[in-house]
Structure formats: structure tokens, C-alpha cells
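Written below as C-alpha cells is the structure these notes are about.
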Amino acid sequence: MILTDIHCHILPGVDDGAPDMTVTKDMLDKMYDEGVRRIIATPHYRVGMFEPSVRSIQSSYLEVKNYARTIGKYGMMVKLGCEYHRDDNMVGNLQAHRRPTMAGSQYVLVEFSSMDSYLKIRSVVYEVVVGGFIPIIAHIERYPSIVEDPGVVADLIGLGALIQINADSMLGMDGRKCHKFCKYLMKREQVHFIGSDAHDLTERPSRLKECAVYVEKKWGWDTARRIFVKNPEKILNIEGEDDQT
7 MILTDIHCHI LPGVDDGAPD MTVTKDMLDK MYDEGVRRII ATPHYRVGMF
57 EPSVRSIQSS YLEVKNYART IGKYGMMVKL GCEYHRDDNM VGNLQAHRRP
107 TMAGSQYVLV EFSSMDSYLK IRSVVYEVVV GGFIPIIAHI ERYPSIVEDP
157 GVVADLIGLG ALIQINADSM LGMDGRKCHK FCKYLMKREQ VHFIGSDAHD
207 LTERPSRLKE CAVYVEKKWG WDTARRIFVK NPEKILNIEG EDDQT
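Residue numbers (the working numbering): 7 to 251.
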């Protein structure tokens, strides 16, 4: 199964992820060894905290993309995205191309604050959809207002949102309550993507392969393939490619 990671921080020196190209290369090599062949790099954008210039992101991205092509027999595909922490100017910035969408598509990875109410999250999802984009809610298991009332996830999906959870959370590494919430969503087929959210090789490494094995064992091949292969292919617009390698 060709794995696609739609959420990781591998671009060197632009956020709290890989600090330099040496770490980036090691991260990519590890991910390749684990079966990841396609990556959407999603550097943080958060006003007042992470505001890398478009020029620095593009420069970093091109360096990573070129290295990724040399890995293994066929290389790795790396596309540019962004983990956009919601703000009042988000839709306008996306429409004006001041910040990248996911691989140049209409999909946008949206991060919220742990303090955001459900009504705030719902309002932002609505604004993004009306603005012409498809919101992917990043690591939804981190938002207490949703974890405490998991039934609202169906409402968000009904509005047009897609749901991403982190591999570590799915594996139970972020606490029992978080794991229970993730399993609740999985049982209801409300998880569209699982990303590594990898930042480095030690504190926050990629565990995407381990998670894919876990999901396949617990929920079956079709579910694992949908989450790790077919849904990401819709973002990348490469549906139908062989996923057996």
C-alpha cells in the first residue's frame, strides 16, 4: 500500500518542525523506509507565532522536493500545503493566494485553538466552505469542545468539512480519552485522513506505517486504503494509480 502523509512539518527552518535540511533528509529517509511515497508538507501559519515568508517557504520546499526525488528507486512525491491556524483573514488570504492550499487544490488544512468553542469552529468551517474551499480539520481530537460532544462531528461533515486525526492519537499515545474519541469516529466512518504530524525524529516522529497496520487490523483493508490512499489521492488528483507497492 502506497502511504500518503497529508500533515507533516518537514520543511527545514520555517516553523517548529525540522530545524535544518539534515533533519529533513533523515525524516524523509525514515518515512520512505516505512512505505510513505507521497507527502504534503504543511508548515504552520499562525499570526503572531509562525509567519514564514512565502519566499522562505518556496525556497525550502524546492530543496526538499529535489532531495525527495532521489530517494529509493522511484523517489518520493512532495507537494506544498499549509497548516493554517484560523484567523479572520484566512479566506481572503487563500483566495488571494497569499498562503498555499493543499497541493494547489481547493482543500485547506485548518487548525483551531484548543480554547475555541464548537460554535466558533462551526462558523469558521462555514466561512471556508462559502469561500470556495474544502476545509480539512487538523487533528480534531485536540479540541475539547468537540471531544466532549463527539456527536457534533456529523454536523461539521454535513457542512462540508473533512476530518483528520494524528497517527499518534489513533495509536493511543496521546491518552486514553483521546484514543477513545478517535475510535468513536473510526467506528462511524467519520475519519477521512490520518496524518503523522511529524516534526522531528525523536519527540514527534512519523508513525504513519504503524498506524496504517493498526487501522487495517482493527477496521480492515478497505478502511485503511480509503484513509491512507484513496482520500489523499483526491487532494493530489492522482486517483487510480497502483497502490500495491
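Ideal Cβ positions, reconstructed from N, Cα and C, are used throughout, including at glycine. Predicted model, so just to flag it, every value in this text is computed and none were measured.
Who are residue i's beta bridge partners in DSSP?
i: Tyr90; result: Tyr51 and Val116
i: Thr10; result: Arg44
i: Met83; result: Arg44
i: Arg168; result: It is Leu, not Arg, that sits at residue 168 in the sequence shown. DSSP output for Leu168 lists Ile142 as bridge partner(s).
i: Phe234; result: DSSP lists no partner for Phe234.
i: Pro204; result: As written in the sequence, residue 204 is Ala, which differs from the Pro given in the question. DSSP, once it has assigned bridges, lists Cys14 as partnering Ala204.
Within 10 angstroms of the Cβ of residue i, are there 16 or more other Cβ atoms? Answer buried if so, exposed if not.
i: Ile244; result: exposed
i: His205; result: buried
i: Leu17; result: buried
i: Gly78; result: exposed
i: Asp26; result: exposed
i: Thr251; result: Unreliable placement is indicated for Thr251, whose pLDDT of 32 sits below 50; no coordinate value is reported for it.
i: Ala230; result: buried
Quick one: residues in its chain with C-beta nearer than 6 Å to the C-beta of residue i, no 5 flanking neighbours on either side, listed in chain order?
i: Gly111; result: Note on residue identity: the sequence assigns Ser, not Gly, to residue 111. Within the same chain, Ser111 has close Cβ partners Ile241.
i: Asp249; result: Residue confidence for Asp249 is low, a pLDDT of 44 falling below 50, so the modelled location carries little weight and cannot support an answer.
i: Gly41; result: Leu9 and Lys215
i: Glu147; result: Ile171, Ser175, Cys184, Phe187 and Cys188
Going by CA-CA distance only, name the one from the options that's closest to residue i.
i: Gln170; options: Lys79, Ala144 and Asp35; result: Ala144
i: Ser65; options: Ile127, Val20, Val219 and Val159; result: Val20
i: Met82; options: Asp122, Asp39, His103 and Thr107; result: Asp39
i: Glu154; options: Ser123, Ile142, Pro141 and Met179; result: Ser123
i: Ala102; options: Ala230, Tyr220 and Gly137; result: Gly137
Here's a check: name, in chain order, each residue in its chain whose Cβ is nearer than 7 Å to the Cβ of residue i, leaving out the five neighbours to either side.
i: Asp294; result: Limits of the chain in this structure are 7 at one end and 251 at the other, which puts residue 294 out of reach.
i: Val84; result: Ile45, Ala47, Val70, Lys71 and Ala74
i: Cys217; result: Ala173, Met176, Leu177 and Ile200
i: Met192; result: Trp225
For residue i, which residues from the same chain have a beta carbon less than 8 Å from its beta carbon, with the 5 sequence-adjacent residues on both sides left out?
i: Met55; result: His91
i: Asp22; result: His15, His50, Phe56 and His205
i: Leu207; result: Val29, Asp32, Met33 and Lys36
i: Tyr220; result: Met176 and Leu177
Any beta carbon from chain B within less than 7 Å of residue i's own beta carbon?
i: Val114; result: Looking for chain B here will not work: only one protein chain is present.
Do the stretch 174 to 183 and the stretch 115 to 126 make contact, defined as three or more Cβ pairs closer than 8 Å?
-> no
Between the stretch 83 to 100 and the stretch 46 to 59, are three or more C-beta pairs nearer than 8 Å?
-> yes
Quick check: the stretch 122 to 139 against the stretch 91 to 103, are there 3 or more CB pairs under 8 Å?
-> yes
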